[in-house]
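> Numbering (our numbering), first residue to last: 1 to 457. One structure is given below, represented as structure tokens, and several questions about it will come after.
Okay, here's the thing in structure tokens:
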């Protein structure tokens, strides 16, 4: 018998929800897995997740905690018989093998969206799902175009990274709508978005959260409670990430790779989906801390955000100086977005494409026996295996967003620059000759051929 969540709400029949191992959201939003009709409950109030230690329930916002044992709590491990409440709804967790009061599962709003292959219509019917994803892509771009003028290529790259389950580093001067793009994307996908302004005095606990000492007013007993930081969100906007010291930058490493944070020996899962958009100003470098290679490697894309063209800039000047605002319609929720991310991972790639990606990545390394001359002369350090993984995922995501299930080498070439530009480190000779990583990557694309099996490649 699977683990169960027993739900009791006023004026509603009791429901029993079978947990299938995937996270689920509790909130007042009608599209939440468990809907609680209470004005005091946030749209996304809490989520259930399972890690190595077992199931636990966590509040999205420390200011709106759960209630367990007549005391507020933000994170609660779930064992057989554990009870908690959110608003006017009462919950009880039944561990595997424990019999609930009623095994019946009535048809109710608490039924979660199916998530596993064999149950999820998105994963069970890839052809129809690709067409659905392509249509959703057009609608998301249309919604973002209502607010963000221009920057179509940047928006496309952000969406490819999002569906590929990667993160983006946006490099551009101030005033190019980097923050606006992140907020508009979160609104069109109905994701929770939080912004952190990185400064030299920012501490790791300001991002991840910290343990606070609380005293029970009834018993005077003291206990530590974890107060979640802004990283507990779906979309984190890390503004000017290079303005904070390496110690604080490193606080994002585990979160970006493992989708969790560890505080005082305790691990806390982040909400899913979790996506980081970091911004960086390439001009003003005084008082900044360049991102180390380990941090840069966690970003799927390094996206160059350029100036708009003349027509776009005129529209920006005219339309943004009026007393009017554009509303963004929701296109996708968190649950279908997670399913589409799974679909990207399940999309097959031919050996031909995989061999081409391997050639490209290995060609960036100056110490390789067959390294190209310009790579030996200009490159200090080449890309690692993660670059090849992200090239494959970018190609898959791009193909699906274009409405195709077949992934080609052209899809790979479309994203070679954003994947490799921050992983190919130039040496002094390249800098002295005015050569940057973009130029080296372009030359690599021209020099590295696709495998030719007729020649035995």
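Every residue, glycine too, gets a C-beta built ideally from N, C-alpha and C.
Thinking residue 270 and residue 260 are a contact (beta carbons under 8 Å), I'd like their distance in whole angstroms, please.
The count along the chain shown starts at 1 and reaches residue 270 at position 270. The count along the chain shown starts at 1 and reaches residue 260 at position 260. Their Cβ separation, rounded to whole angstroms, is 6 Å, which keeps residue 270 and residue 260 in contact under 8 Å.
> Taking only runs of the alpha helix (DSSP H) that begin and end inside the region 237-309, which ones reach a length of at least 4 residues, in chain order?
Counting whole runs of 4 or more residues, the region 237-309 contains the alpha helix (DSSP H) stretches 246-249, 251-258 and 293-296.
> Rounded to whole angstroms, what's the CA-CA distance from residue 368 to residue 235? Just pull it up for me.
Counting from 1 along the chain shown, the entry for residue 368 is found at position 368. Counting from 1 along the chain shown, the entry for residue 235 is found at position 235. Those two C-alpha atoms are separated by around 39 Å.
> Nearest CA to the CA of residue 291: which residue from 256, 3, 245 and 63?
On the chain shown, position 291 is the one that residue 291 refers to. Residue 245 is the option with its Cα nearest to residue 291.
> Write down every uninterrupted run of the alpha helix (DSSP H) in the region 22-69 whose length is 4 residues or greater and which is fully enclosed by it, in chain order.
Here no run is fully enclosed.
> Should residue 201 be labelled buried (16 or more other beta-carbon atoms within 10 Å of its own) or exposed?
Mapped onto the chain shown, residue 201 falls at position 201. Burial call: exposed.
> Give the straight-line distance between the Cα atoms of residue 418 and residue 163, rounded to the nearest whole angstrom.
As a first step, residue 418 must be located in the chain shown, where it is residue number 418. As a first step, residue 163 must be located in the chain shown, where it is residue number 163. Distance between the alpha carbons of residue 418 and residue 163: 16 Å.
> Who does residue 204 pair with in a DSSP beta bridge?
The residue you call residue 204 lines up with position 204 of the chain shown. Its beta-bridge partners do not exist; DSSP assigns none.
> Quick check on DSSP: helix, strand or coil for residue 403?
Start at 1 with the first residue of the chain shown, and residue 403 comes out as number 403. Reduced to three states, the DSSP call for residue 403 is coil.
> With C-beta atoms as the reference, is residue 315 less than 9 Å away from residue 150?
Within the chain shown, residue 315 is the residue found at index 315, counting from 1. Within the chain shown, residue 150 is the residue found at index 150, counting from 1. In contact: residue 315 and residue 150 (Cβ atoms closer than 9 Å).
> Which partner residues does residue 92 have in the DSSP bridge list?
Counting from one through the chain shown, the residue named residue 92 turns up at place 92. In the DSSP output, where bridge partners are listed per residue, residue 92 has 6 and 83.
> Note down, one range per segment and in chain order, each alpha helix (DSSP H) of at least 4 residues found wholly within the region 120-178.
Entirely contained in the region 120-178, the alpha helix (DSSP H) runs reaching 4 residues are, in chain order, 121-124, 126-145 and 152-163.
> Starting from residue 13 and walking both ways along the alpha helix (DSSP H), at which residues does that stretch end?
Taking the first residue of the chain shown as position 1, residue 13 is located at position 13. Note, residue 13: premise wrong, no alpha helix (DSSP H); not H, not E.
> Going by alpha carbons, who is nearest to residue 326 out of 145, 156, 365 and 14?
Numbered from 1 along the chain shown, position 326 holds the residue referred to as residue 326. Cα-wise, what sits closest to residue 326 is 145.
> So for residue 117, helix, strand or coil by DSSP?
Counting from one through the chain shown, the residue named residue 117 turns up at place 117. Interpretation of residue 117 is limited by its pLDDT of 43, a score under 50 that renders its predicted location unreliable; the figure taken from the coordinates is listed afterwards. In this structure, residue 117 counts as coil in the three-state DSSP scheme.
> If we ignore side chains and look at the alpha-carbon of each, how far apart do residue 446 and residue 227 end up?
If you number the chain shown from 1, residue 446 lands on position 446. If you number the chain shown from 1, residue 227 lands on position 227. Taking the straight line joining both Cα atoms gives about 52 Å.
> Excluding the five sequence neighbours on either side, which residues of its own chain have a C-beta within less than 6 Å of the C-beta of residue 89, listed in chain order?
Within the chain shown, residue 89 is the residue found at index 89, counting from 1. Hits under 6 Å: 9 and 36.
> Find out if the Cβ-Cβ distance for the pair residue 170, residue 255 is shorter than 9 Å.
Taking the chain shown and counting its residues from 1, the one referred to as residue 170 is at position 170. Taking the chain shown and counting its residues from 1, the one referred to as residue 255 is at position 255. Result no, Cβ atoms of residue 170 and residue 255 do not sit closer than 9 Å.
> Would you kindly report the start and end of the unbroken alpha helix (DSSP H) that includes residue 232?
The residue labelled residue 232 in the question sits at position 232 within the chain shown. Where residue 232 is concerned, there is no enclosing alpha helix (DSSP H), given that its DSSP letter is neither H nor E.
> Output needed for residue 449: all residues of its chain with C-beta closer than 7 Å, excluding positions within five of it in sequence on either side, in chain order.
For the purposes of this step, residue 449 is taken as residue 449 along the chain shown, with counting starting at 1. Around residue 449: no qualifying Cβ.
> Measure the alpha-carbon distance for residue 188 versus residue 218 and round it to whole angstroms.
The residue you call residue 188 lines up with position 188 of the chain shown. The residue you call residue 218 lines up with position 218 of the chain shown. Going by the C-alpha atoms only, they are around 45 Å apart.
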